[in-house]
Amino acid sequence: MNLFNRKKGFFSSREADVFILEFNSGNLRLAYIKGFRGKKEVVFLENKDIQTLSEEDSKEIVNSFLEKVKAESFYTICSIPPHLAISKNIEVPSLDPKEIDDIMNLQITKHTPYSREEIIIDYVKLGVYQRSYTKVLLIIVPREVVRRQYQLLGKLGIEPYKVCFSSESIVKFFYKTLRHQQPKHPFIAVNIDSAFTDFAVSSQGNLIFVRSIPIGIQHLKTDSVRFREKFKEEMKKSLEVYKSEGIEKTPVRLVILGWEKIVKEELFPYLNSNLDLPVDFVFYPEQLPLSSQAKDIILASEHTSFLNVITSGLSFSDTQFNLIPEEVKLRRVFEEKSKEIVKMGVMVMAIFIFICLFFGGRLYLKMFYFHRLNEKFKSIHKEAEKVEGEFNKIQWLRRYLTKRGYSLEVLGEIYNYLPKKVKILEIGFDSQGTFSIKGTADNLGEIISFVEGLNKSSLFEEVKTTHTAKRKEDEKDVTDFELVIKIAKVLRERKE
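Just so we're aligned: the sequence shown equals residues 1 to 496 in the working numbering.
Below is the structure:
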């Protein structure tokens, strides 16, 4: 990724700063996290009531916030709280990822009153059910909620890197932070905000169920006795809904993540006494990497929980849900493909240049050696011509000495096997080492005897009778014949 600042794209670094934005119950919540040497610290927080403010005013709030923290390069994360989304646990009749994706897109309108164009969805696979079904946690967000965040940030030249679902961010962060305390069975994480409470069930650090409850700190402060009773009933109801879905094992623990005195001293003891499972209270400011200024802001806030924005910034690289618009996803895929094509083009050009240099270098060396050889050849050419002349003379003399007596040796061998009653009239010889003999014999038997004798000789490879004819001569029968004789390989080599 490229460097991301307020005007440009993204950068990849473990030491990156993170800016987080969330719209929640008419408020604009902001957080900034500094990254340094692999560590993160929440340096500043802000919560502004923007119900009566224009979009231009909201832009100035964000711009002023970034100037306060001296932001230069950072990731921008948007957080979506559960009360602005619809969550569904469903079972999809397929195990194939592509089929699951197609089914979700086709049937999504059955789970929401909105049309497909009015919503943004994402889902996480939770496991396999009955060998052919996939359990899925589906999150549906009205497109207008995300568009509002994009529109505000767009006025500042900022594009969100990711749109997180806050309940997942909380679960991911506290699974890592409290890992030594986590049971193997699912547990419930309860985040109490000003007007809403998030009931999230986690298993092995994964969000598997979430429900938003319309009771918050402001309700508890208004009428503690009445609302804590309603709160208890909502906890039981949420647990029953979870059990009815058959998602996972029953949670064995409920953890309240809070900071308010009324929650710790009144609600927590009440729930611990009236629910059928153990209840723990975690004072979340002590679990977060907060600067002293950020911690003071949390403790001074009367109703506001900053847990959503803080954990979204600390856990965004681990979360699976990303509720960015489809067109943004497609554009990013296209940009990534374009980058890959450019990289591929650069690599091809680099390889081509390397090959050219390699073969150019080889050609240069060959030309260099050729030039040296050519110079050396010129110096020894005259001597070579002289040596060649002497060699030709020696070869001619060798051939002469080798062939001397060759014909006599062959004729002597023919004479040795010539029957007495066979007359040779004509002998021929060609340059290929073939003899032809024409003659007459008293009978055919004499000819056959002559041929068999010649075939026994080591000087001849093959003796064939090519012609025989009977005739009268002086009142006597005679047979004319013609033989073709190929001389042996040894003699041919001697001739050559």
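From the three backbone atoms N, C-alpha and C, an ideal C-beta is built for every residue, glycine too.
task = Output the residue ranges of the alpha helix (DSSP H) runs that lie fully inside the stretch 153-232 and measure 4 residues or longer, sorted by chain position.
result = With a minimum length of 4 residues, the continuous alpha helix (DSSP H) runs that stay inside the stretch 153-232 are 166-177 and 217-222.
Per-residue DSSP class, three states only, for E260 = It is coil, neither helix nor strand.
task = Report buried or exposed for H219, applying the criterion of at least 16 other Cβ atoms within 10 angstroms of its Cβ.
result = With 16 or more other Cβ atoms inside 10 Å of its own Cβ, H219 counts as buried.
request  = Identify which residue in L137, H111 and L330 has its Cα closest to the Cα of Y123.
outcome  = Of the candidates L137, H111 and L330, the one whose C-alpha sits nearest the C-alpha of Y123 is L137.
request  = Please report the residue range of the alpha helix (DSSP H) in which F316 lies.
outcome  = If you look at F316, you'll find it isn't in any alpha helix (DSSP H); DSSP assigns it neither H nor E.
task = Identify, in the order they occur along the chain, each residue of the same chain with its Cβ nearer than 8 Å to the Cβ of D280, setting aside the five sequence neighbours on each side.
result = Excluding residues within five positions, the ones whose Cβ falls inside 8 Å are R253, L254, V255 and I256.
ask   = Would E245 pass as a contact of N89 if the rule is Cβ separation under 8 Å?
value = Their beta carbons are under 8 Å apart, which means E245 touches N89 by this criterion.
query = From Y284 to F173, what does the alpha carbon distance come to, in whole angstroms?
reply = The straight-line gap from Cα to Cα measures roughly 11 Å.
query = Counting pairs of Cβ atoms below 8 Å between the stretch 153-172 and the stretch 304-314, do you hit three or more?
reply = The stretch 153-172 is in contact with the stretch 304-314.
Y129 - DSSP class collapsed to helix/strand/coil = Of the three classes helix, strand and coil, the one that applies to Y129 here is strand, per DSSP.
query = Unbroken beta strand (DSSP E) runs of length 3 or more, entirely within the stretch 329-381: which are they?
reply = Qualifying beta strand (DSSP E) stretches: none in this window.
task = Kindly indicate which three-state DSSP category I119 falls into: helix, strand or coil?
result = Strand.
key: Distance CB(R452)-CB(K438) smaller than 8 Å   = Note that residue 452 corresponds to Glu in the displayed sequence, not to Arg. Their beta carbons are not under 8 Å apart, which means E452 does not touch K438 by this criterion.
task = Can you tell me which of E335, F231 and N374 puts its alpha carbon nearest to the alpha carbon of E266?
result = Selected option, being the one with the closest Cα: F231.
inquiry  = Check whether the stretch 334-345 and the stretch 314-322 touch, using three or more Cβ-Cβ pairs below 8 Å as the test.
reply    = The stretch 334-345 is not in contact with the stretch 314-322.
inquiry  = Is the beta carbon of T76 closer than 8 Å to that of L28?
reply    = In this structure, T76 does not lie closer than 8 Å to L28 by Cβ.
request  = List the endpoints of the continuous alpha helix (DSSP H) containing G428.
outcome  = Looking at the DSSP string, G428 is not in any alpha helix (DSSP H); the run it does join, the beta strand (DSSP E), is V422 to F429.
request  = Starting from the N-terminal side, write out each stretch of the beta strand (DSSP E) that is 3 residues or longer and does not extend beyond the stretch 22-61.
outcome  = Segments of the beta strand (DSSP E) lying fully in the stretch 22-61: 27-36 and 39-49.
task = Tell me where the beta strand (DSSP E) around G439 begins and ends.
result = For G439, the enclosing beta strand (DSSP E) starts and ends at T434 to A441.
message = I158 and I208 - do their beta-carbons sit closer together than 8 Å?
response = Between I208 and I158, the C-beta spacing is not below 8 Å.
key: Straight-line gap, E22 to E240 (C-alpha atoms, nearest Å)   = Between E22 and E240, the C-alpha separation is close to 30 Å.
query = What number of angstroms, rounded off, separates the C-alpha of G360 from the C-alpha of A350?
reply = Using only the alpha carbons, I get a separation of about 15 Å.
ask   = With I139 and I121 assumed to form a contact (beta carbons below 8 Å), what rounded beta-carbon distance in angstroms separates them?
value = Under the criterion of beta carbons closer than 8 Å, I139 and I121 qualify as touching, at roughly 7 Å.
Euclidean distance between Cα positions of S518 and A85 = Residue 518 lies beyond the residue range present for the chain, which begins at 1 and ends at 496; the question has no answer from this structure.
ask   = Short check: CB of E461 to CB of K486, under 8 Å?
value = Yes.
Residues of its chain near A189, where Cβ-Cβ distance is below 7 Å and the 5 sequence neighbours each way are ignored = The residues are I170, V171, F174, A200, S202, V255 and L257.
request  = Verify the CB distance criterion: does D442 have a CB-CB separation below 8 Å to chain B?
outcome  = Absent from the structure: chain B. Only one protein chain is present.
ask   = Using the rule of at least 16 other Cβ atoms within 10 Å of the residue's Cβ for burial, across every protein chain shown, is V498 buried or exposed?
value = The structure shown does not extend to residue 498, since the chain spans only 1 to 496, so no value can be given for it.
key: Inter-residue CB distance, K472 and T479 (contact presumed, cutoff 8 Å)   = Beta-carbon to beta-carbon, K472 and T479 are separated by about 11 Å, too far to satisfy the 8 Å threshold.
inquiry  = What would DSSP say about K486, mapped onto helix, strand or coil?
reply    = It is a strand residue.
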